[in-house]
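Engineer: Counting along the sequence shown from 1, when you hit position 405 you're at 405 in UniProt numbering, and nothing is skipped either side.
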Amino acid sequence: MKLRLWPLVPTCIPLQKVMVFVYQLVIDVQPDIISAEITAQLVINCSITNNHGQHMEVIRSLTLSRYNQTLRDFEDITALDLLTLNLKQLVKFKHSQISFGNVFISLTLLYPTQLDANVYRCSVKGGDPNKKDMSLFSKKTVDYETNSTALIEEIRRYKIDENKCLCSLTSNDSTSTNKRLRVNFSGNSEIIKERLEPLTLKCTFQVLNQDENETSSLQSLYILHETNGIIANINKDQPVLQGSHLKDAQGKIFDSGLKDSYLHVTWSNVKFSESGKYFCEANVKHSDGRAERLSEMLILAVVSPTVDDLVKVVEKLLGQVDEDTKHIQENKQNIKHIKEELKTKEQNILSNTADLNSTQQTIRIMKEDLAINQHNISSLKEYVAANLESLQSIKEDLNIQQRNIISVKEDIAINQQNISSIKTEVAVNEENLINLQKDFNIQQRNITSIKEDFNTFYKNMSSFQEIIIANLSATLEKVKNQTELSPPISCRNVINKDERTVAVLASGLKVMCDTKTDGGGWIIFQRRINGKVDFYRGWKEYRDGFGDYNIGEFYLGNENIFKLTSTGKYDLRVDLVLKNQAYYAQYSIFQILSEKDNYKINVGGYSGNAGDSLSLHNDMYFSTFDNDNDKYSANCAVEFQGAWWYKSCYWSNLNGKWGSSERDKDLNWNAITKTETARVGVSFTEMKIRERE
């Protein structure tokens, strides 16, 4: 294990003489695809740059991690305290090298295996100019590719049967393909003086004739020695891989045939053992799926230098010494000038420092004014919120009065009809009274007989009236019981003195109703009040629903929400409590699609005082830890221990972990929980729907 320390100071960007640090977290892997016997090393670089990033005043730590399938979370490999430059290596590797500075960590794994193909994450922790904690994350994936390739087999055949290899490499020179494609292989000399002259090999792939009916794509270039194996190689879209003794290796593979792809290597201190046969090999893939290998061979000899060669080298070195002496004198003069310039610049820096101190004092005064203004704005917001509640109460009273006025109007209309009917009856009775007056004398004589008949009739009528009243009471009681037993269609039909009541709808679905909020009629499909029910669950449980109405924490189930919202237009209301302060967000558009659409959410038309933290998730699919449908490279449900309509990842997460010490995994509604004053999750949440009238 080797450790290297590299100092690197972040760049300061002057803006009106105020120092502001702007950082961006970058993770880079080379290569991003590894193979056994081919990939010599895997390099993971984790660094902080100052280009177009987020404002961060203090950087505390830089950590490199990789994903652990057993833990289902990222496992730290190494952590760097940027305040003390103290490096902790948490995972040991057999062959590795670590280098680091005050803004980067670089891990090099030699001879990587399939276990090293993983997801690597770089994270930095610090604070913004407002002293607020900040975290940045960046991830890259390294894939593994099985490489029982013809190249490995070919190298082994070189060692077993050289003549057979050469025959195999040149057998296709007369084909029509090689008339279009060609490999050129050359060296700086066929005879190299041992340890005196450098050796340069140039392997070039050319497309001589373009064919519209057939296209070819170069996959890799290799330079090999008959006994030493691979000298250098380059795969498509990857950097050059080279032996440790090489000083310089360059190469590039172009997709277009307009430019020649190439692989050049140069090294010094050439040994006698490096004499022999060298091969340049190109692996080509054709549009019809065929794979073809083109090659060229060079024979080079490394010979011992003569006395004349050594004399020439000594003369050349003496001449170089004279040149170096002249350069040293010139450099001394330049250093003298530089010292004078540094002295002048030091004076300028002292002057700029005084200006900066003055500017910082001005900024401090501006910050104090800003704090006062923010306090005034908070007071105004509280005043507006109180007025909104009063207006809502007045609105509810007006609605009740309007209903009472309508009822009074209906009663007046009925009374007017009754008055008209009474007037008609009075007129008829007056006419009958005249006739009765005429017949009074006649009836007077028969009054005794009529009284007797009336008494008998009265007795009969009393008995008949008792029977009718008894039958009518029984009928009314039966109608009342039938009315009470008829199940409601929705919570709009549920009338109860309690604010929350459980009812069974006509569809057979058992729900909890909110009978008071904004006129009542709400079906509650998500409720969390005390953390007694675990919401970190899988796809099936979120589809069918879970929880306990008696405890007061439950999730109605995505399938039930889909069936409800597919029958009509529904409003969504989200009620929240944060630090004993009530908030709500209401949406005039809400629908959940079916399971084949992964319970996709359609939401919009926000109003309320909680801020809009749900519209960002519009048109997103529902995700759980066992069914990942988000747009994030990892699984948001696993990373934040919840289940939601994640994007990459969230602006709200009300199914998160109750009372989590990690803020990102708590019950979050970012518009109110991600503010500087909040720093905690909500302590109450209800999500409910009501069919629009």
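Just so you know, even glycine gets a beta-carbon here, dropped at the ideal spot from N, CA and C. Predicted model only: the values in this text are computed from it and were never measured.
1) According to the Cβ coordinates, are E281 and S261 closer than 9 Å?
2) For E194, I'd like the list of residues in its chain whose CB is within less than 8 Å of its CB, leaving aside the five on either flank, ordered along the chain.
3) In the DSSP assignment, find the unbroken beta strand (DSSP E) run with F562 in it and report its ends.
4) Here's the rule: buried if 16 or more other CB atoms are within 10 angstroms of the residue's CB, otherwise exposed. What is P239?
5) Tell me A503's beta-bridge partners as DSSP assigns them.
6) Label Y587 either buried or exposed according to how many other C-beta atoms from any shown protein chain fall within 10 Å of its C-beta, with 16 as the threshold for buried.
7) Is the distance from the Cβ of Q641 to the Cβ of S660 below 9 Å?
8) Would you identify the three-state DSSP class for H95, choosing helix, strand or coil?
9) Opposite D143 in the DSSP bridges: which residues?
10) Indicate the three-state DSSP secondary structure (helix, strand or coil) for E351 in the structure shown.
11) Use the C-beta contact count for Y555: other C-beta atoms within 10 angstroms, 16 or more gives buried, fewer gives exposed.
12) Restricting to runs no shorter than 3 residues, where is the beta strand (DSSP E) found entirely within the stretch 279 to 330?
13) Taking the C-alpha atoms as reference points, what is the distance between S613 and L115?
14) So, helix, strand or coil for Q658, using DSSP?
15) Would the beta-carbon of V124 fall within 9 Å of that of L136?
16) Which residues in the same chain have their Cβ closer than 8 Å to the Cβ of A36, if we skip the five residues on either side of it in sequence?
17) Taking 9 Å as the threshold (C-beta atoms), are D571 and R692 in contact?
18) Would you mind stating whether C46 and C122 have Cβ atoms separated by less than 9 Å?
19) Using the Cα positions of V574 and L564, report the straight-line distance between them to the nearest angstrom.
20) Hey, M297 and F205: beta-carbon distance below 9 Å or not?
21) Quick one: what does DSSP say F254 is sitting in, helix, strand or coil?
22) At the level of alpha carbons, what is the spacing between E686 and V577?
23) Considering Cα atoms alone, identify which of R180, T63, H95, V29 is closest to G126.
24) Compute the Euclidean distance between the alpha carbons of Y549 and K647, then round it to the nearest angstrom.
25) Could you check which residue in N209, C491, D626 has the C-alpha nearest to that of Y542?
26) Could you check which residue in K326, R364, K516, V638 has the C-alpha nearest to that of N130?
27) Whose C-alpha, out of K540, K339, G547, M461, is nearest the C-alpha of D534?
28) Helix or strand or just coil, what does DSSP make of S615?
29) Since D544 is in the alpha helix (DSSP H), which residue starts that stretch and which ends it?
30) Could you give the DSSP three-state label for V428: helix, strand or coil?
31) Report yes if the CB atom of A40 is closer than 9 Å to the CB atom of L110, and no otherwise.
32) For K657, tell me which candidate among Y536, Q581, G229 has the shortest Cα-Cα distance.
33) What's the C-alpha gap between K277 and Y632?
34) Tell whether a beta-carbon distance below 9 Å holds between N283 and Q242.
35) Select from M512, Q30, L654 the residue whose C-alpha is nearest the C-alpha of D237.
36) Going by beta carbon distance, what residues of the same chain come within less than 7 Å of Y583, once the five residues before and after it are set aside?
Structural biologist: On the basis of the data shown:
1) no
2) V270, K271, F272, V302, V303, S304, P305
3) Run containing F562: none in the beta strand (DSSP E); it sits in the alpha helix (DSSP H), 558 to 565.
4) Counting Cβ neighbours within 10 Å, P239 comes out exposed, since fewer than 16 surround it.
5) For A503, which the question treats as bridged, DSSP gives the partners V511.
6) Classified as buried, Y587 has 16 or more neighbouring CB atoms from the shown chains inside 10 Å of its CB.
7) yes
8) coil
9) Paired residue(s): I33.
10) First, the amino acid is wrong: residue 351 is Ser here, not Glu. Helix, per DSSP.
11) buried
12) 291 to 303
13) 40 Å
14) A small fix is needed here, since residue 658 is Trp in this sequence, not Gln. The answer is coil: DSSP assigns W658 none of H, G, I, E or B.
15) yes
16) T113, Q114, T146, N147
17) yes
18) Against a cut-off of 9 Å, the Cβ pair of C122 and C46 comes out as a contact.
19) 17 Å
20) no
21) coil
22) Cα to Cα, E686 sits roughly 10 Å from V577.
23) A check of alpha carbon separations from G126 across R180, T63, H95, V29 identifies T63 as the nearest.
24) Taking the straight line from one Cα to the other gives about 30 Å.
25) Out of N209, C491, D626, D626 has the C-alpha closest to the C-alpha of Y542.
26) R364
27) G547
28) Residue state, collapsed to three classes: helix.
29) 539 to 544
30) helix
31) yes
32) Y536
33) 51 Å
34) Going by C-beta atoms, N283 is not nearer than 9 Å to Q242.
35) Q30
36) L576, N609, A610, I672
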